[in-house]
Amino acid sequence: MLPLIPIIAGLAQIVPSIIGLLAGDEAEKHAEAVAGIATAITGQGTPEQAVSMIKADPEAQLKFQAVYLTYEAEIYREETKRLEAVNETMRAESKSERWPQYSWRPFNGFSFPVAVMGIYLLLPILGKTVPSVPEMVWVGWLAILGVATWDRGKEKRVKAGESKPGLLQGVIEAIKGGSANG
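Here it is, written out as structure tokens:
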């Protein structure tokens, strides 16, 4: 079977958000699911045939959009649950009375620039070999710092009395024509 990603990417004309799923870590899994949706809607035997039929038939496009958007909503529900669990863990840590639990994020925040300067500035100055640090180490570390910083900033804004809604609530309010701030 041909790789599904380029085939399914052809449906981005109908549902542009498909590209986001096909660009992530689970791209092949999502491509298989979307191919399943397309073949189920059209009754065609292959994803290629299903995509061609959907592109040619406006009624099939509407059916595909409806089912695909339900699939996409479920993915976002699962991601929201995962993020809520992470957020709950972070809240529990911040309420802890034990210093290792509430101080690991600031420690990481101070350690990151020290590590970067040590590896990429100090070692070359000292004439030492700069080690090859895997990219995922930096990406992972920065992701942790980013989430921690964002969450801490949000917590401080709420304590200061700010009542801005989340992104989704803001979009809903904007669509309804109401004010996102109250």
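Each number in our numbering corresponds to the 1-based position in the sequence shown with 7 added.
Beta carbons: idealized from backbone N, C-alpha and C, even for Gly.
- Straight-line measurement puts the Cα of Ile82 at about 19 Å from the Cα of Leu11.
- Here DSSP, grouped into helix, strand and coil, assigns Leu76 to helix.
- Taking every protein chain shown into account, the CB of Tyr127 has fewer than 16 other CB atoms within 10 angstroms, so this residue is exposed.
- Using a Cβ distance threshold of 7 Å, Leu152 and Gly125 do not count as a contacting pair.
- Contact between the stretch 26-37 and the stretch 84-93 is absent, with fewer than three C-beta pairs closer than 8 Å.
- In the DSSP assignment, Glu162 falls within the unbroken alpha helix (DSSP H) covering Glu142 to Lys166.
- The distance from the Cβ of Val22 to that of Gln56 is about 18 Å, inconsistent with a contact at the 8 Å cut-off.
- Taking the Cβ atoms as the reference, Ala67 lies roughly 6 Å from Thr49, within the contact range of under 8 Å.
- Bounds of the alpha helix (DSSP H) holding Thr49 are Ala34 to Thr49.
- If you draw a straight line from the Cα of Ala19 to the Cα of Ile61, it is about 11 Å long.
- Residue state for Pro54 is assigned as helix, using DSSP reduced to three classes.
- Rounded to whole angstroms, the separation of the alpha carbons of Gly168 and Ile15 is 46 Å.
- Excluding sequence positions up to five before and after Gly17, its CB lies within less than 6 Å of the CB of Val58, all in the same chain and listed in chain order.
- About 6 Å separates the CB atoms of Ala40 and Tyr78; that is less than 8 Å, so the two are in contact.
- In this structure, the beta-carbon distance from Trp157 to Phe119 does not fall below 7 Å.
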